[in-house]
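*Asks:* Numbering (our numbering), first residue to last: 49 to 486. Submitted below is the structure of interest, expressed as structure tokens.
Okay, structure coming up:
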């Protein structure tokens, strides 16, 4: 956070511009000065970065940096609202900076027209107080996480896919992305937005939430003791909040870390080695629907899922620490291979008469149509599912789009179940023309 000595004085212009938020006792004169003296780096000037950066700049964060080596494309425009058709072909940092300066000319916009890499990340992060991650691939997500831990910077991370999204707030000493997802999903198991699609307005919701969480940290507003994972389901208009804590065995923030400097993240994630990875776009969402975490391991949509219709501030998740379970599940997946299946593979699984199909959607979702012989067990009720009989038989976990089921399958695997998740969930099942029971 910006120190007291770096807080600039407020001018009459500042007071006129920010008076509607300064009237809030949580902001006030001192809080606005704190924002004006703060520096935030937004990784990725794409979908999430567009919304997050816009609200950070509008709120008066004094310095906002954009790091992205990508250029504007026509297919970006339905969700990346920093850009328009006149900017196609331009660097996103250039296009984004131009738009942000128009939003608030008083704010300093720093352009970093390059892809984030192990070589440049530490120097970049050292220039800022807080990191907002809007990257769209696993190598960058792990790179950003590790660098934030190593430089002791708060990190606000988000990811989106289809109609779902996830948001995580990682504060120094309170856990990190690796505590939830120690290992990335195998390459090719998690679809990107080009393959799976993304509802553009979901980026606005999650990006705006990133700005909210970042501003709360900068203003030193009350923070929960535990770190948090928020899961959003646009189709159900629902949020779920899952607290988690630091994993003592975490490779980067644990008691005896093995990662003490940035590594080759392309290699770590199983891709061809490269020094820089794209920071553009939507975002991987541990679809926690593939690989144990979703057709989006993108953890960007992490995996528990927006199943309860509640306020984002409400804690409706099971009161259990999931970090160790996630770690164990990831280790299990390493040995067992990917545990996501497509519709064709699910039909093959159904040839086994021992198979149990567990639908983790809410009852009202389940009632709209489900697989034959499926058992409805909402995510928050998974603890009551255990039985010796189930432990000896395969389990197929399904949800609306594969995000919740990926997290559920990961959790069940950590408990010893032979669990698989259906990639794309009931959306994919319906699209295939397979039988639906209503």
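In this text, a Cβ means the ideal position worked out from N, Cα and C, and glycines have one as well.
Could you name the residues of the same chain whose beta carbon sits closer than 8 Å to that of residue 267, not counting the 5 residues immediately before and after it, in chain order?
*Replies:* Along the chain shown, read from residue 1 onward, the residue named residue 267 stands at position 219. For residue 267, where only same-chain residues beyond five positions count, the Cβ hits under 8 Å are 74, 75, 79, 82 and 83.
*Asks:* From the DSSP output, in three-state form, read off residue 218 for me.
*Replies:* In the chain shown, counting from the first residue as 1, residue 218 sits at position 170. Residue 218: strand per DSSP, three-state reduction.
*Asks:* Would you kindly work out how many angstroms separate the C-alpha atoms of residue 326 and residue 119, rounded to a whole number?
*Replies:* Counted from its first residue, the chain shown places residue 326 at position 278. Counted from its first residue, the chain shown places residue 119 at position 71. In this predicted model, residue 326 has a pLDDT of only 42, less than 50, meaning its place in the structure is not dependable enough to derive any value.
*Asks:* Nearest to residue 230 by alpha carbon, out of 86, 305, 289 and 175?
*Replies:* To locate residue 230, count along the chain shown from 1; it is residue 182. Out of 86, 305, 289 and 175, 305 has the C-alpha closest to the C-alpha of residue 230.
*Asks:* Which ranges does the beta strand (DSSP E) cover as unbroken runs of at least 3 residues, wholly within the stretch 395 to 430, from first to last along the chain?
*Replies:* With a minimum length of 3 residues, the continuous beta strand (DSSP E) runs that stay inside the stretch 395 to 430 are 404 to 407 and 422 to 424.
*Asks:* Tell me the DSSP bridge mates of residue 129?
*Replies:* Taking the first residue of the chain shown as 1, we reach residue 129 at position 81. Looking at the DSSP assignment, residue 129 forms no beta bridge with any residue, so it has no partner.
*Asks:* When you compare the CB positions of residue 176 and residue 149, do they come within less than 9 Å of one another, or not?
*Replies:* Counting from one through the chain shown, the residue named residue 176 turns up at place 128. Counting from one through the chain shown, the residue named residue 149 turns up at place 101. It is not a contact, given that the beta carbons lie outside the stated cut-off.
*Asks:* Using a Cβ distance threshold of 8 Å, determine whether the stretch 245 to 257 contacts the stretch 89 to 100, with at least three qualifying pairs required.
*Replies:* Yes: the two stretches touch, three or more of their Cβ pairs being nearer than 8 Å.
*Asks:* Let me check one thing: in DSSP terms, what residues is residue 442 bridge-paired to?
*Replies:* The residue labelled residue 442 in the question sits at position 394 within the chain shown. In DSSP, residue 442 forms a bridge with 466.
*Asks:* Just how far apart, CA to CA, sit residue 269 and residue 276?
*Replies:* Along the chain shown, one-based indexing puts residue 269 at 221. Along the chain shown, one-based indexing puts residue 276 at 228. Looking at the two C-alpha atoms, the distance is approximately 15 Å.
*Asks:* For residue 166, which residues of its own chain have a beta-carbon under 6 Å away from its beta-carbon, when the five flanking residues on both sides are left out?
*Replies:* Position 118 of the chain shown, counted from the first residue, corresponds to residue 166. Taken in chain order, the residues that qualify are 310.
*Asks:* Where DSSP assigns a beta bridge to residue 114, which residues make up the other side?
*Replies:* The count along the chain shown starts at 1 and reaches residue 114 at position 66. Note: residue 114 sits in a beta bridge opposite 90 and 159.
*Asks:* Sort 298, 418 and 172 by Cα distance to residue 115 and report the nearest one.
*Replies:* In the chain shown, the residue the question calls residue 115 occupies position 67. With distances taken between Cα atoms, residue 115 lies closest to 172.
*Asks:* Can you check whether the CB of residue 476 is closer than 9 Å to the CB of residue 468?
*Replies:* For the purposes of this step, residue 468 is taken as residue 420 along the chain shown, with counting starting at 1. For the purposes of this step, residue 476 is taken as residue 428 along the chain shown, with counting starting at 1. The answer is no: Cβ separation not under 9 Å.
*Asks:* Around the Cβ of residue 295, are there at least 16 other Cβ atoms within 10 angstroms (buried) or fewer (exposed)?
*Replies:* Counting from one through the chain shown, the residue named residue 295 turns up at place 247. Buried, since its Cβ has 16 or more Cβ neighbours within 10 Å.
*Asks:* Do you know offhand how far residue 439's Cα is from residue 389's?
*Replies:* Working through the chain shown from its first residue, we reach residue 439 at position 391. Working through the chain shown from its first residue, we reach residue 389 at position 341. So the alpha carbons of these two residues sit roughly 19 Å apart.
*Asks:* Identify whether residue 483 lies in helix, strand or coil by the three-state DSSP scheme.
*Replies:* Translated into the one-based positions of the chain shown, residue 483 becomes position 435. Looking at residue 483 - three-state DSSP - the assignment turns out to be coil, as it is neither helix nor strand.
*Asks:* Under the assumption that residue 480 contacts residue 391 (Cβ atoms under 8 Å), give the Cβ distance between them as a whole number of angstroms.
*Replies:* As a working mapping, residue 480 is identified with position 432 in the chain shown. As a working mapping, residue 391 is identified with position 343 in the chain shown. Yes, residue 480 and residue 391 are in contact; Cβ-Cβ is about 4 Å, under 8 Å.
*Asks:* Helix, strand or coil: how does DSSP classify residue 352 here?
*Replies:* Counting from 1 along the chain shown, the entry for residue 352 is found at position 304. Residue confidence is low: residue 352 scores 31 on pLDDT, short of 50, so the model does not pin down where it sits. Its coordinate-derived value is still stated next. Three-state DSSP puts residue 352 in coil, outside helix and strand.
*Asks:* For residue 363, collect the residues of the same chain with a Cβ closer than 8 Å to its Cβ; drop the 5 residues on either side in sequence, then sort them by chain order.
*Replies:* Walking along the chain shown from the start, residue 363 turns up at place 315. For residue 363, the pLDDT reaches just 28, beneath the cut-off of 50, and the residue's location in the model is therefore unreliable, leaving the point undetermined.
*Asks:* What do you get for residue 133, buried or exposed, if any count of 16 or more other CB atoms within 10 angstroms of its CB means buried?
*Replies:* Looking up residue 133 in the chain shown gives position 85. With fewer than 16 other Cβ atoms within 10 Å, it is exposed.
*Asks:* For residue 131, is the classification buried or exposed, using 16 other Cβ atoms within 10 angstroms of its Cβ as the cut-off for buried?
*Replies:* Against the chain shown, residue 131 aligns to sequence position 83. Buried, because 16 or more other Cβ atoms sit within 10 Å of the Cβ of residue 131.
*Asks:* Pick helix, strand or coil for residue 346, following the three-state DSSP scheme.
*Replies:* Stepping through the chain shown from its first residue, residue 346 is reached at position 298. Reliability fails at residue 346, whose pLDDT of 33 lies under 50, so the model's placement of it is uncertain and the value that follows must be treated cautiously. Three-state DSSP puts residue 346 in coil, outside helix and strand.
*Asks:* Just to confirm before moving on: does the CB-CB distance between residue 108 and residue 156 stay below 9 Å?
*Replies:* The residue given as residue 108 occupies position 60 in the chain shown. The residue given as residue 156 occupies position 108 in the chain shown. Cβ atoms of residue 108 and residue 156: not closer than 9 Å.
*Asks:* Work out the CA separation of residue 117 and residue 59 for me, nearest whole Å.
*Replies:* Residue mapping note: residue 59 aligns to position 11 of the chain shown, counting from 1. Residue mapping note: residue 117 aligns to position 69 of the chain shown, counting from 1. Spanning the two alpha carbons is a distance of roughly 36 Å.
*Asks:* Quick one: grab the DSSP three-state call for residue 108.
*Replies:* Indexing the chain shown from 1 puts residue 108 at position 60. Residue 108: coil per DSSP, three-state reduction.
*Asks:* Is residue 391 helix, strand or coil when you go by DSSP?
*Replies:* The residue given as residue 391 occupies position 343 in the chain shown. It is helical.
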